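Quick note: the sequence shown uses our numbering, first residue 87, plus one each step.
Glycine included, each C-beta is placed from N, C-alpha and C at the ideal position.
Small disclaimer: the values here were computed from a predicted structure and weren't measured.
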Amino acid sequence: MLDFGRGSRESAISLEALIKNCGRTKQWSAALRLLRDAIRFDVQLVPSHYIATVSACRKGGQWQHALSVLSEMWEAKLEPNVISYSAGISACEKGHQWQRALALLSEMLKAKLEPDVISYSAGISACEKGEQWQPALALLSEMWRGRLEPDVISYSAGISACEKGEQWQRALALLSEMRKAKLELNVISYSVGISACEKGHQWQQALALLSHILQAKLEPDGEQWQRALVLLSEMREAKLEPNVVSYNAGVSACEKGDYNAGISACEKGEQWQRALALLCEMLEAKLEPTVISYSAGISACEKGEQWQRALSLLSDMWEGTVEPTVISYNAGIIACDKGKQWQIAVSLLSHMWEAKLVPGVASYSIGVSACERVSCANCLGVGGLGFLPRASCGRS
């Protein structure tokens with residue numbers, strides 16, 4: 087229990103620390119109680135006490151109380167600052183009160199306070215939650231006019247607002263702006279962009295974005311591979327021809343499917359089969375698979391413990407003059423190890439050295455282990471890969 091001494095500076099400092107602690111533990115009612123008690127005991131309050139209380143109410147999802155505390159600041163002749171307004175706007179955002187959030191931003195400008203990135207981002211997020219894409223984009227425009235650089239949060243909220251408003255072109259434009267600003271796009275930004283394209287029946291664009299996720303080595307969620315296949319299917323139904331980028335996204339998405347313990351062996355197999363089916367479709371459509379397509383397919387086979395099919399794809403690469411990369415070889419070697427094909431694993435490792443490629447740690451370890459399992463003569467004697475399974479569109 088805080089001992090409120092009249093006008094005590096120590097009490098004021100302790101009070102602020104206690105209110106902040108209430109905010110951290112989401113005890114918004116306790117924070118309000120402390121502020122009320124302090125007013126009753128005539129403690130010398132400063133803006134930071136009110137700001138801490140507004141923040142505690144925001145974290146507790148109490149936007150009405152947050153705005154009430156802001157009003158009390160004015161009544162106490164204490165001028166709210168950018169931080170207090172931002173906390174109030176954020177509280178409105180959490181309470182899905184986009185109009186009130188915009189009203190607070192307007193009040194800030196009238197009070198000759200310059201909203202910062204946090205203030206604007208909270209306002210844009212409030213508009214996004216209220217499915218108001220136009221006000222969200224208007225706030226982004228205000229930021230640019232005021233020479234404020236939107237951050238990932240601002241852009242992501244804007245993209246999400248466009249997605250909800252079925253404005254796929256604007257969503258893509260914002261993603262492009264993010265790249266130009268050299269901001270690090272995350273899975274959420276891309277996923278919302280993909281969803282916006284889906285709603286606008288822009289399958290090619292959606293698959294291109296999915297390809298960006300995979301190329302950027304971001305971790306897509308477990309549904310993305312299914313989504314990719316649905317998109318490809320919808321493209322074909324709409325009599326649109328998928329291109330190499332589209333197919334690469336589909337194959338890569340299948341390869342990165344969720345292989346956790348909860349998925350059955352049958353479902354595991356389903357994904358490598360789909361990946362190979364897409365590679366076959368590419369060839370039938372007279373599209374030449376790239377090293378990305380093949381590597382993703384080999385990796386899918388490796389994860390599905392299909393060593394023969396993985397090697398068949400490697401064979402297809404050589405016959406089609408596509409040079410396997412370290413990724414292609416590593417996946418093939420791991421597939422052979424899983425299939426207990428140690429002699430072939432050693433041969434692939436040898437082939438990598440001949441191609442002046444540096445094996446990965448996993449591949450090298452497998453190679454060393456394989457040499458221990460087969461005779462040294464065999465290790466040294468395997469020079470070619472003539473015993474690989476014959477390719478037939480990735481199927482044995």
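Contacts around residue i, its chain only, beta-carbon distance under 6 Å, and the 5 residues preceding and following it disregarded
i, result
"Glu-388", "Ala-396, Ala-417, Ile-420, Ala-421"
"Glu-64", "Residue numbering for the chain in the displayed model covers 87 to 482; residue 64 lies beyond these limits and cannot be assessed."
"Met-194", "Tyr-171, Pro-201"
"Ser-449", "Asn-416, Ile-419"
"Glu-391", "Lys-424"
"Arg-265", "none"
"Gln-148", "Trp-114"
"Ile-430", "Cys-422"
"Ser-176", "Arg-144, Ala-208"
"Gly-181", "Trp-149"
"Pro-221", "Cys-213"
Residue i versus residue j - alpha carbon distance
i, j, result
"Met-368", "Trp-358", "16 Å"
"Asp-128", "Leu-199", "29 Å"
"His-151", "Leu-188", "17 Å"
"Gly-406", "Ser-275", "37 Å"
"Ala-456", "Glu-374", "34 Å"
"Gly-286", "Ile-239", "24 Å"
"Tyr-380", "Lys-442", "20 Å"
"Ser-192", "Pro-201", "10 Å"
"Gly-453", "Ser-433", "9 Å"
"Asp-237", "Leu-226", "10 Å"
"Asn-272", "Gly-446", "27 Å"
"Ala-386", "Ser-205", "45 Å"
"Tyr-241", "Leu-260", "7 Å"
"Gln-130", "Lys-268", "46 Å"
"His-107", "Ala-382", "In the sequence as presented, His is not what sits at residue 107; that position holds Asn. Going by the C-alpha atoms only, they are around 50 Å apart."
"Ser-109", "Leu-153", "The sequence shown places Gly at residue 109, not Ser. Rounded to whole angstroms, Gly-109 to Leu-153 spans 16 Å at the Cα level."
"Leu-400", "Ile-384", "8 Å"
"Leu-295", "Gly-279", "7 Å"
"Ala-173", "Ala-142", "9 Å"
"Lys-112", "Arg-126", "23 Å"
"Ser-451", "Gly-146", "52 Å"
"Glu-270", "Leu-258", "15 Å"
"Leu-435", "Glu-370", "32 Å"
Close beta carbons around residue i, own chain, < 7 Å, minus the five adjacent residues each side
i, result
"Thr-139", "Ile-105, Ala-117, Leu-118, Leu-121, Val-155"
"Lys-372", "none"
"Ser-281", "Glu-249"
"Ser-170", "Pro-133, Tyr-136, Ile-137, Val-140, Leu-156, Met-159"
"His-298", "Tyr-276"
"Trp-393", "Ala-421, Cys-422, Lys-424, Gly-425, Gln-427"
"Leu-190", "Tyr-171, Gly-174, Ile-175, Cys-178"
Contacts around residue i, its chain only, beta-carbon distance under 8 Å, and the 5 residues preceding and following it disregarded
i, result
"Val-377", "Met-403, Val-408, Glu-409, Pro-410, Thr-411, Ser-414"
"His-135", "Ala-98, Leu-101, Glu-102, Ile-105, Leu-121, Ala-124"
"Lys-250", "Glu-214, Glu-217, Trp-219"
"Leu-223", "Gly-244, Ala-247, Cys-248, Arg-256"
"Ala-351", "With a pLDDT of 29 at Ala-351, under the threshold of 50, the modelled position of this residue cannot be trusted; read the value that follows with caution. No residues qualify anywhere along the chain."
"Glu-179", "Ala-187, Ala-208, Gly-209, Ser-211, Ala-212, Lys-215"
"Asn-167", "Pro-133, Ile-137, Leu-199"
"Glu-235", "Val-203, Met-229, Ala-267"
Exposure label - residue i; buried when at least 16 CB within 10 Å
i, result
"Ser-157", "exposed"
"Gln-253", "buried"
"Tyr-262", "Inspection of the sequence shows that residue 262 is occupied by Ser rather than by Tyr. When all chains shown are included, Ser-262 counts as exposed."
"Arg-144", "buried"
"Gln-183", "buried"
"Val-444", "exposed"
"Asn-360", "The amino acid at residue 360 is misidentified as Asn; the sequence shows Arg. The residue in question, Arg-360, is buried, as its Cβ has 16 or more Cβ neighbours within 10 Å."
"Trp-439", "exposed"
"Ala-197", "exposed"
"Gln-288", "buried"
"Gly-232", "exposed"
Cutoff 7 Å: residue i Cβ touching any chain B Cβ
i, result
"Arg-360", "Checking the listed chains, one finds no chain B in this structure; it contains a single protein chain."
Going residue by residue through the stretch 161-235, where are the continuous alpha helix (DSSP H) segments of at least 4 residues, counting only ones entirely within it? Within the stretch 161-235, the complete alpha helix (DSSP H) segments at least 4 residues long are 168-180, 184-196, 203-215, 219-231, listed from N- to C-terminus.
Could you pull out every unbroken alpha helix (DSSP H) segment of at least 4 residues lying fully inside the stretch 257-289, listed in chain order? DSSP runs (the alpha helix (DSSP H)) wholly in the stretch 257-289: 273-285.
Could you tell me which whole alpha helix (DSSP H) segments of length 4 or greater appear in the stretch 345-419? 351-370, 377-389, 393-405
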